[in-house]
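In order, the protein sequence lines correspond to chains A and B.
Per the numbering used here, the very first residue in the first sequence carries number 3; after that it's consecutive.
Per the numbering used here, the very first residue in the second sequence carries number 51; after that it's consecutive.
Idealized CB from N, CA, C, for every residue including glycine.
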Amino acid sequence: MANMAQAIRMALHYAEENLGLTDVFGEDVGPPLGGVFTCTQGIQSAWNSPLDERGIIGMAIGLALAGQKPCAEIQFCDYIYNTIDLLKIAGNTCWSSNGDWNVPMIVRTPVGSGIRGSIYHSHSFDATATHIPGWKIVMPSTPLDAYGLLLAAVLEDNPVMYLEPKALLRIKGEELIPGEPADDKMLSKMIDAPLGERSKWKPQWPALEKYVVPIGKAKLVREGLHVTVVSWGRTLPLAAKAAKALAENEGIEAEVIDLRTLWPYDWEMVSASIEKTGKVLYVNEDTEVTNFGEHLIRRTIEDHFYKLLAPPRLLAGKFVPGIGLADNLEMASVPQLKDITDAIRALAAEQP
Amino acid sequence: MSRPRLVDRKEEKSSLGSLPAELLIRMHDLMVKARVLEERLIQMYKSGHGYFWIGGPGEEAFNVPLGLLMKKGQGPAYDYLHAHYRQSATLLALGESPIGALRQMKNTATDPYSGGRNFAGHFSKREWNIAPVSSPIEVQYAIAPGTALAQKRFGGDGITIVTGGDAGTAEGDFASCLIWSSRPGNELPILIIVTNNQWGISTAAATQHGEKHISDRGRAFNIRSRTIDGNDPVTSYLELKEAMEYVRKERKPFLLEAMVSRLYGHSSASGANFVGDEPDCIKSFEERLEAEGVLTRAEMDALRKKYTEEIAEMARQVRDEPQPDGASIYDHIYWEKK
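If you want it as structure tokens, here you go:
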């Protein structure tokens with residue numbers, strides 16, 4: 003099965019061939035490197051830009067205004083912060099022109115911890131992104147969803163922020179992308195650029211098919227009766243793993259939802275699950291103060307207060323200025339498997 | 051042009067004879083119309099028919115020829131304009147009615163640029179490739195290379211025009227524009243304009259900028275550059291025409307710095323009162339038109355009177371138009387397929 007980086011690459015290829023994607027660009031995105039995480043290797047429309055994040059976002063806005071379909075990359079979301087006012091413009095152009103202009107652009111950026119990236123390669127961006135109206139914000143946790151959400155982003159008429167959990171980029175999926183060969187060694191031979199000299203290399207793309215994950219639809223990863231766990235990105239597979247172990251070993255049945263789209267989010271699915279369990283834990287790794295999970299808690303309280311069996315909980319990154327390099331520092335800063343397991347167990351045990 | 055020229059033509063007036071009388075009369079007409087519009091907007095602000103005024107009185111001699119020379123239309127075959135908020139004269143020269151600006155000043159639901167959402171002078175008109183003006187200074191310089199790249203690809207002779215003020219060139223977006231417009235092998239068809247009024251709100255440019263001319267910064271990127279007297283409509287017309295022809299044909303960037311005046315201060319925040327110590331481009335143009343027998347004083351007075359009456363009548367009409375409904379705040383957050 004493809005890993006997430008390969009899935010993104012295949013989606014970009016499918017989109018440039020079939021869906022009118024015109025530009026895949028950013029720092030080191032074009033040949034020879036094809037992206038620091040290899041996500042853009044072999045993409046025809048990929049090109050290298052100056053080392054200028056504001057220039058990258060501005061270029062994407064301009065291309066979109068002129069009818070192109072750009073997908074810009076910010077190499078690490080840690081470096082997207084100096085573009086915030088341009089992101090605001092992309093998000094407000096339709097509204098401030100009273101519906102006259104739209105900005106159909108995509109920004110891809112790797113987010114979060116998990117590669118021992120220290121202070122400037124571990125940031126999250128979901129809390130900040132969800133403060134910018136006018137965007138649609140997605141964050142896959144599997145290669146298949148990465149493929150399907152990226153095709154949806156290309157088909158979208160509005161700006162889409164596509165957050166890539168960098169810890170998951172190298173993780174292989176459990177589901178085949180339509181058209182992907184079943185043998186991953188063969189896939190690697192077909193679409194991974196060789197190390198070293200690669201100027202003559204060309205990918206052999208499999209016969210990919212259209213597969214769209216609609217923006218705004220969450221995914222029920224695991225059914226359960228006792229606790230609802232809502233997560234996205236890096237912490238989602240950890241939540242699923244924790245829930246599986248708790249079910250097998252302790253009889254705690256957690257329902258796990260992968261939100262997938264942060265805005266506009268699938269409240270219908272989350273809400274129905276809270277109705278059923280009466281308990282909800284939100285898990286993500288962005289810093290916990292003014293975290294998007296806090297918004298979801300507000301919504302939970304307003305809509306479900308009288309049916310809740312325990313206070314809604316948030317497990318998120320610690321509110322500290324950065325994620326330190328040393329193993330212990332990173333582990334102490336953002337939720338790990340044990341933290342999630344403990345939080346689910348504790349919530350399941352809470353009695354009114 | 052064999053090589054980039056950097057000239058300060060402040061003292062050097064082009065002869066009126068370099069342009070046909072018909073064009074001189076048309077430019078004068080539009081300059082007066084734009085000035086009367088701005089003065090009406092200021093008056094609306096002062097009499098409580100708007101919350102804030104910002105605009106371009108003092109830039110008409112440059113902004114009118116710019117509008118006249120633009121290739122107007124929608125899509126990459128036509129010129130894109132990424133303007134700043136002192137550009138009403140360009141819009142009028144393109145053929146826009148002044149009533150839209152009045153509606154935006156009064157923030158009515160009928161405001162054609164933002165539906166009562168944005169300040170005066172914040173134009174937007176997709177039908178003519180006028181990208182929405184936004185208040186952050188200089189962001190348009192980061193965005194403009196995008197439309198220019200689309201046009202480079204498209205071919206034809208459509209170009210991208212971006213304008214901004216001198217103070218904002220201190221922002222990194224101006225450097226971004228120079229870099230992205232001049233990538234070797236990917237030079238862009240973009241006319242980069244700075245209207246230099248030598249002020250950033252209350253701060254004099256000379257106290258903050260060490261470069262002699264802003265246009266000098268183009269030289270580092272091999273961008274053809276020039277500084278011109280933007281208070282002279284004839285010079286402005288001829289220089290803009292030459293620069294635009296170069297960009298249209300060569301598909302390469304050009305940096306044009308136009309020295310202009312700021313006749314009513316930065317905005318209503320600084321009072322919006324006439325300043326007497328800066329050159330007034332309409333006054334000097336009218337003296338020349340009269341001296342060379344193109345127009346008489348009486349004709350010019352009559353023109354101003356005509357526009358004053360027409361625009362006052364429009365302002366009266368706008369005064370009674372409805373404000374946007376509060377419930378409309380959720381409209382157009384996302385694009386609706388048309």
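>> I need the boundaries of the alpha helix (DSSP H) containing B:THR358, first residue and last residue.
In response: If you look at B:THR358, you'll find it in the alpha helix (DSSP H) that goes 347-369.
> Near B:LEU46, which residues of its chain fall below 7 Å by C-beta distance, leaving aside the five closest residues on each side in sequence?
Replying inline: Given a span of 51 to 388 for chain B in the structure shown, any question on residue 46 of chain B remains unanswerable.
> Is there at least one Cβ from chain A nearer than 8 Å to B:ARG369's Cβ?
Replying inline: No, no contact with chain A.
> Along the chain, which unbroken stretches of the beta strand (DSSP E) at least 3 residues long are found entirely within the region 183-229 of chain B?
Replying inline: For the region 183-229 of chain B, whole beta strand (DSSP E) runs of length 3 or above, ordered along the chain, are 210-215.
> Could you give the C-beta distance for A:ALA7 and A:PHE39, rounded to a whole number, given that I count them as a contact under 8 Å?
Replying inline: Contact flag correct, Cβ pair sits at about 5 Å.
> Along the chain, which unbroken stretches of the beta strand (DSSP E) at least 3 residues long are found entirely within the region 287-340 of chain B?
Replying inline: The DSSP assignment places 304-309 as complete runs of the beta strand (DSSP E) inside the region 287-340 of chain B, in order along the chain (cut-off: 3 residues).
> For A:PRO337, is the classification buried or exposed, using 16 other Cβ atoms within 10 angstroms of its Cβ as the cut-off for buried?
Replying inline: Looking at its Cβ environment, which holds 16 or more other Cβ atoms inside 10 Å, A:PRO337 is buried.
>> Cβ closer than 7 Å: which chain A residues qualify as neighbours of B:TRP230?
In response: Residues of chain A with a Cβ closer than 7 Å to the Cβ of B:TRP230 are, in chain order, PRO52, GLY57 and MET61.
>> Need the endpoints of the beta strand (DSSP E) that B:SER275 sits in, please.
In response: Here the beta strand (DSSP E) through B:SER275 covers 274-279.
> Buried or exposed: which applies to B:LYS387, given that a residue is buried once 16 or more other Cβ atoms fall within 10 Å of its Cβ?
Replying inline: It counts as exposed.
> Grouping DSSP H, G and I as helix and E and B as strand, with all else coil, what is A:PRO49?
Replying inline: Residue identity check: residue 49 of chain A is Trp in the sequence provided, not Pro. In the structure shown, A:TRP49 falls within a strand segment according to DSSP collapsed to helix, strand and coil.
>> Which residues of the region 169-191 of chain B have a Cβ closer than 9 Å to any Cβ of chain A? Give them in chain order.
In response: Per Cβ criterion, the list reads HIS172, SER174, LYS175, ARG176, GLU177, ASN179, ALA181, PRO182, SER184, PRO186, VAL189, GLN190 and TYR191.
> Taking Cβ positions, are A:ASP147 and B:SER174 nearer each other than 8 Å?
Replying inline: For A:ASP147 and B:SER174, no; Cβs fall outside 8 Å.
> Between which two residues does the alpha helix (DSSP H) harbouring A:LYS138 extend?
Replying inline: First-last for A:LYS138: 138-140, but that is the beta strand (DSSP E), not the alpha helix (DSSP H).
> Using 8 Å as the Cβ pair cut-off and three pairs as the minimum, do the region 128-147 of chain B and the region 41-51 of chain A touch?
Replying inline: The region 128-147 of chain B, when compared against the region 41-51 of chain A, does not touch it at the 8 Å Cβ threshold.
> In chain A, which residues lie less than 7 Å from B:TRP385 when you measure between Cβ atoms?
Replying inline: Using a Cβ-Cβ cut-off of 7 Å, B:TRP385 is close to CYS96, ASN104, ASP159 and ASN160 of chain A, given in chain order.
> From which residue to which residue does the beta strand (DSSP E) around A:TRP269 run?
Replying inline: A:TRP269: not part of any beta strand (DSSP E); member of the alpha helix (DSSP H) spanning 269-279, first to last residue.
>> Let me see if you follow: with CB-CB separation under 8 Å, is B:ILE209 close to chain A or not?
In response: When Cβ-Cβ separations below 8 Å define contact, B:ILE209 makes no contact with chain A.
> B:ALA194 touches chain A at which residues, Cβ-Cβ below 7 Å?
Replying inline: Within 7 Å of the CB of B:ALA194, the CB atoms of chain A belong to GLY64, in sequence order along the chain.
>> List, in chain order, every chain B residue whose beta-carbon is nearer than 8 Å to that of A:ASP87.
In response: Contacts between A:ASP87 and chain B, judged by CB atoms closer than 8 Å, involve PRO186 and VAL189 in chain order.
> Would you report the Cα separation of A:ASP268 and A:ALA242, rounded to the nearest angstrom?
Replying inline: In this structure, the alpha-carbon of A:ASP268 lies about 19 Å from that of A:ALA242.
> How would you label B:SER286, buried or exposed, when you count the other beta carbons within 10 angstroms and need 16 or more for buried?
Replying inline: Counting every other CB atom within 10 Å of its CB across the protein chains shown gives B:SER286 a total of 16 or more, marking it as buried.
> For B:VAL82, which beta-bridge partners are listed by DSSP?
Replying inline: According to DSSP, B:VAL82 bridges with nothing at all.
> With a CB to CB cut of under 8 Å and the five nearest residues on each side skipped, what residues in its chain are close to B:GLN124?
Replying inline: Hits under 8 Å: ARG176, GLU177, TRP178 and ASN179.
> Going by alpha carbons, who is nearest to B:TYR314 out of B:LEU80, B:ALA84 and B:GLU88?
Replying inline: For B:TYR314, the nearest C-alpha among the options comes from B:GLU88.
> Which stretch, first to last residue, makes up the beta strand (DSSP E) that contains A:ASN104?
Replying inline: That residue, A:ASN104, is in no beta strand (DSSP E); it is neither H nor E in DSSP.
>> For A:TYR164 and A:ASP128, what's the separation of their Cα atoms in angstroms?
In response: Straight through space, the alpha carbons of A:ASP128 and A:TYR164 are spaced by roughly 10 Å.
>> To the nearest angstrom, how far is the alpha carbon of B:LEU353 from that of B:TYR163?
In response: Distance between the alpha carbons of B:LEU353 and B:TYR163 is about 27 Å.
>> Counting only Cβ pairs nearer than 8 Å, list the residues of chain A close to B:GLU201.
In response: Here residue 201 of chain B turns out to be Gln, not Glu, going by the sequence shown. In chain order: ALA68.
> What residue range is occupied by the uninterrupted alpha helix (DSSP H) comprising A:LYS243?
Replying inline: Segment 237-252, the alpha helix (DSSP H) holding A:LYS243.
>> Need the endpoints of the alpha helix (DSSP H) that A:TYR149 sits in, please.
In response: The continuous alpha helix (DSSP H) containing A:TYR149 extends over residues 145-157.
> Using a beta-carbon distance cut-off of less than 7 Å, what residues from the region 128-162 of chain A approach chain B?
Replying inline: Interface annotation for the region 128-162 of chain A against chain B: PRO135, GLY136, ASP159 and ASN160, criterion Cβ-Cβ distance under 7 Å.
> Should B:HIS382 be flagged as near chain A, meaning a C-beta pair shorter than 8 Å?
Replying inline: It does: the Cβ of B:HIS382 has a partner Cβ on chain A nearer than 8 Å.
> Can you name the residues of chain A whose CB is closer than 7 Å to the CB of B:GLY395?
Replying inline: One cannot answer for residue 395 of chain B here, as it falls past the ends of chain B, which runs 51 to 388.
> Buried or exposed: where does A:THR132 fall if 16 or more other Cβ atoms within 10 Å of its Cβ makes it buried?
Replying inline: By the neighbour-count rule (16 or more Cβ atoms within 10 Å), A:THR132 is buried.
>> Given a cut-off of 8 Å on the beta-carbon distance, is the pair A:ARG58 and A:SER51 in contact?
In response: Reading the sequence as shown, one finds Ile at residue 58 of chain A and not Arg. Contact: yes.
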